[in-house]
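A short write-up of the structure that comes next.
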Ligand code: NA
Ligand code: NA
Ligand code: NA
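Chains as they are written, first to last, in our numbering: chain A, 6 to 86; chain B, 6 to 86; chain C, 6 to 86; chain D, 2 to 435; chain E, 2 to 435; chain F, 2 to 435.
The structure is reproduced here in structure tokens:
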């Protein structure tokens, strides 16, 4: 029984460490492939400040007055240009 | 049985839509009455910036030093006027 | 039975109030002793602004760029002195 | 070697079904729509991610201990299960679970204990679902937060717009009719409770739809929530053609009179008036509208700002995370991949369209017979989808008349639509629930 | 037509009792006091609103599944219930529920399952109550947050003021005596546990009162919490006349010596000293004072500021919302409308008055026999009601001597009163609980 | 007089055991390390405080209702308990509890009901533990928050560093071997599940260690968590000597090439790639890595910032408070004071040391056979302990070469170590759990 648990421990080490290495190796492959794929097909114009897309509809009921005021301001600004 | 569920659906529509309309109609009446009542008997001086009454006792143990300092400052300010 | 509950109430008052007073009296003793002990053996240089030790490792993965930038700045600052 | 087999047979690849792979793609698709297209990301990111998690083969994250045990137990344990269920042996897991669903609460408990003793447990997402949705608390807390974010000022300035909020709920009931119609011609298989839950998609209000589904049709909740949030995101595409088709250029140009200022006291009293009306007329709508009014009162009363702030921020955000993941748990393949799901998706968009049309048409009617001018474009805002539908009204109005700002006017029917669909929810729970 | 009857019989108007209508007015009254008069709005807004929700006829929001089933089940189901209870048929719902309260846990579970099988569920507020108050967690979390907001500096600078915090707790025990006295003359009907819970109103500390009531007298919790918070709001009206009556002009003018500065290390060690003392002497006070000390240690230690900030903000706010609604659930008419409630309200104000008087009198005594001057006005702050009572001491002091700032001096007894009433709570739970 | 005896026998002094006193000192010691020495204060302050609370004699805060009843019940009730357990009378509480642990779920429920009927309840900390840790939710929520704080940029710029994160996990499995070795020579008494849970200390990741222990070895959770967080705080002392011993001066001077910029889209897609890989290969790691990826996706996608902010602040803070107190509940004397605890503390530091060494050695290997220069000092960061281990790499590197900033390069293996130990956790749960 005591020898038995030792064997269990060795087994756990072999299969565990093996899985960790295999899994992370696959992750290296997958990540490298993903980066290559994204870089080739979906390249961003880099180094631009990150643009945060405004959520289409936030959970909140926005302040409509604010929206109106801002809309007007943007409008005027564009016309003045 | 299939006709039965159709009938149930029609019933649900009639009673449901009816309730929605009646409920919101009553809400129109109640809201209008409420606004009239508040406007007549509890009119506010309008357009003033909304005053937030300080809660009588906040949950927190306020910083007593701060309170003392502010009290003193207000006191001095009033005397200087 | 009615007299009984009265007796229970009196008992509760005696033991309850007694415990409160004894407990807080012991707390006065313990607090005074603690303050004396701390004042004698662990006196702080008083009135200094409270220093908040930076947690050895915050839960968060700090922004490494920020850390690097700050490290460099501190380094330069020290050298310039 | 045994361990290698254990590891392999425990791996996802060895257990993956076609349905699970497909649903993981659906989950990725929802994430794409949410992140790239901006479709209601606050809900669809957690829902999509939860959908992927739910379909991880072998993990059983979306299943109860009993479901996990039925799939994983050995034959001797299954014999014990059939004994507890009081049935003779059946062929499939599906039949076992159907038999389980039919027994009483005491037997449910006994079988839950059997599953625990057999070494099975609830999946993570199943626990999230139980705590947040099955208990009803998450949609209610979100509704409280929405209440604390809602300004009833435009509605109070023009209470008649409540009728537009009522009109647009016709989309709900027309969809109920559609669902029972599809069933009666044999295309789908919905009960009347299912039909009611599907109809509520037309309410264009996420928490209301989830709340009603969790009571009337928990099995359809995933499809209903996905439909509701997706179509809300699509409001700027669904509504304008209908609005243009049903109005004349002249009507779209109508300018409305400036809204009167609304006093703070009116805003404080309004949620109480609404609450009392609910209490008197429709107690089954009390949890939803009660929490909504509570949130609004906290906001307007001005003396509990720290509670109101928390309801609008930390609390609603925490709840949204778990609500979204829990809804995702209903995207598990063997529940979601069903012909009924297609029916739900189809009926949902019909519901939005009919709601929009009803709102616009009643607005036209009110404009014709009312004393003050009313632009029919604000009628479409009555479907809710706050504040997107109001913005759509504003945008379509600006196209016809660049000086015509309808946003504030459309906010009235917009929040009225929230009340209207909560009332409809109450009626449905009252008539077909329990 | 059946549907119309269903809808009408499900409506509130058809089911409203006089008691429910009255309690809804009470709820509106509490909201009025909270919003308009500033009575402890953080608690009384949720409590008042919860009280209205609890009394919505037909909604059963404040009732357990069993209570809802007893009121709504058909005769055949009731027969089954009496069989489960092992009783012969009884006349009223009240007797059924009394029989239910008397059975053991296994039967409770069986009857809960019976209610679920009959299609009834827990009301929303009942669930909130179970999770937040019956579990004990909400008052403890609030106490942790209060601890994280409390500055023990003034107390540490003058530890003798702890005696004032002790003295003011006499209000608690005098009220216990009053409650059993009213019972022994037959005016009220309180058990000794009820009396202890009522007495704790005199502790002038909301979470402590709710915690003790939830253990010793859950049925009285609504009245006790309402009384505790209302009278705390009334402290500026209740205390000054008593303080003036018991002190001379000369005493009120006494100026106190400036408090010594307290080091950060003392503040860090103090909650640990208090905790150890609790551990050694009064384990039954450990949950309350333990969480309080934990909050205070988080604040003072300076290395877990993000936890301390959360304890003082998001966490305490979320808990307050649910605690308030849960307390409101105890304002349900058939539990609140009782002659005992009047007794509680009457005894509560007596408790505040006696606590104030004891504090002032002991402060006079300490002034007479102590070496350093002590203004008796700070004795009244020993009732807790942080920080209102300390402000009252300051204000009455300023009236007598415009240069006499007592605020900092009164903060010592004020926070001592919090400790004192938590200790009293522990004694009571130890002696009459369980 | 009876009351005086009640009060005295209920006091802590009358019931204190030596073990409890000792554990309270341990709790104070942890607080000292956290507050004065800055040892992981966010966790060790709540854990230390919880440890003190757990050992308050007579309060039973860390015990279940059944444990409290077994210690406090009268002889007649114990007879009833042995009847429910189906055993003949036993000598000690310990044997009763062992018999209780062995029965099935239905009997557990019956005995829980017996305890309730006998007037006993769950302690406060026991409830916290049940809700936060036994359910698995708290470590998962913290992992989600950590995910939302993690920047995978450096890892994506140099994916090979994932091998370093794999290598350092050798500390985990070497420790498993150590634990079973100590058992097989008879010094300790660990099961294989215990050994696996102890090994995970070498993962240097708090939530992972707590999650695994709660599943594989709940009794050892206290010691494991304390060891994990203490040794993480000691990383700046444990690692540098090992790093210096295993590298040459020349190696430590190696400068690495600047990391390439990583696009936002890569960062968004990476958590999904990781999730899919987990789903395909290791479903038992899905809860941990799923929540981690979910947090990271919320952070990177940029459209749910309010959810991401809440996950990083209010939610993780609230969870940390309760997780810490719950871990503290496992410091109760009769569970913690055991020879096995010493074994755990000893094995834990070995695990850290071996993990550090493996990381450095594999980094040397990669440097020798790779095309680009790789400073072996970044290998030690593979143990996780984010971001402390990466800072240690940077610091040791600067000692050898003042112009060599390794911090960014070390962040790659550092976050890879988090993934690596979560994978190891999944393997262990898969192989020895359930
Ligand atoms: Na709606
Ligand atoms: Na007090
Ligand atoms: Na690790």
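All C-beta atoms, glycine included, are put in the ideal place defined by N, C-alpha and C.
Just so we're clear, the structure is a prediction, and the values are computed from it rather than from any experiment.
Grouping DSSP H, G and I as helix and E and B as strand, with all else coil, what is residue i?
i	result
residue 59 of chain A	Model confidence at residue 59 of chain A stands at a pLDDT of 40, short of 50, so the residue's coordinates are unreliable and nothing is read from them.
residue 109 of chain F	helix
residue 261 of chain D	coil
residue 205 of chain D	coil
residue 385 of chain E	coil
residue 16 of chain C	helix
residue 64 of chain F	coil
residue 226 of chain D	helix
residue 374 of chain D	coil
residue 169 of chain D	coil
Is residue i close to ligand 1? I mean its beta-carbon at under 7 Å from any heavy atom of the ligand.
i	result
residue 335 of chain F	no
residue 240 of chain D	no
When the distance is taken between beta carbons, is residue j closer than 8 Å to residue i?
i	j	result
residue 110 of chain F	residue 71 of chain F	no
residue 410 of chain D	residue 155 of chain D	yes
residue 119 of chain F	residue 90 of chain F	no
residue 16 of chain D	residue 334 of chain D	no
residue 23 of chain F	residue 338 of chain F	yes
residue 279 of chain D	residue 39 of chain B	no
residue 7 of chain D	residue 432 of chain F	yes
residue 134 of chain F	residue 422 of chain F	no
Is residue i near ligand 3 - that is, is its Cβ less than 7 Å away from at least one heavy atom of it?
i	result
residue 385 of chain F	yes
residue 236 of chain F	no
residue 106 of chain E	no
Would you kindly work out how many angstroms separate the C-alpha atoms of residue i and residue j, rounded to a whole number?
i	j	result
residue 290 of chain F	residue 385 of chain F	15 Å
residue 404 of chain D	residue 233 of chain D	27 Å
residue 298 of chain D	residue 149 of chain D	7 Å
residue 413 of chain F	residue 55 of chain E	56 Å
residue 275 of chain E	residue 157 of chain E	12 Å
residue 257 of chain E	residue 200 of chain E	32 Å
residue 87 of chain F	residue 112 of chain F	11 Å
residue 142 of chain E	residue 248 of chain D	57 Å
residue 359 of chain E	residue 243 of chain E	10 Å
residue 295 of chain E	residue 302 of chain E	10 Å
residue 50 of chain D	residue 28 of chain D	6 Å
residue 252 of chain F	residue 377 of chain F	7 Å
Let me check you understand the geometry: is the CB of residue i closer than 7 Å to at least one non-hydrogen atom of ligand 2?
i	result
residue 88 of chain C	In the structure as shown, chain C starts at 6 and stops at 86, and residue 88 of chain C therefore has no counterpart that could be examined.
residue 206 of chain E	yes
residue 231 of chain E	no
residue 313 of chain D	no
residue 418 of chain E	yes
Check your understanding: Is the stretch 381-396 of chain E in contact with the stretch 195-202 of chain E, if contact means three or more CB pairs nearer than 8 Å?
Key -> Remark: fewer than three beta-carbon pairs, one from each stretch, lie closer than 8 Å, so the stretch 381-396 of chain E and the stretch 195-202 of chain E are not flagged as touching.
Practice item. Flag this pair as touching only if the stretch 159-176 of chain D and the stretch 339-355 of chain D have three or more C-beta atom pairs under 8 Å; answer yes or no. Key: By the Cβ test, the stretch 159-176 of chain D is in contact with the stretch 339-355 of chain D, since at least three Cβ pairs between them sit closer than 8 Å.
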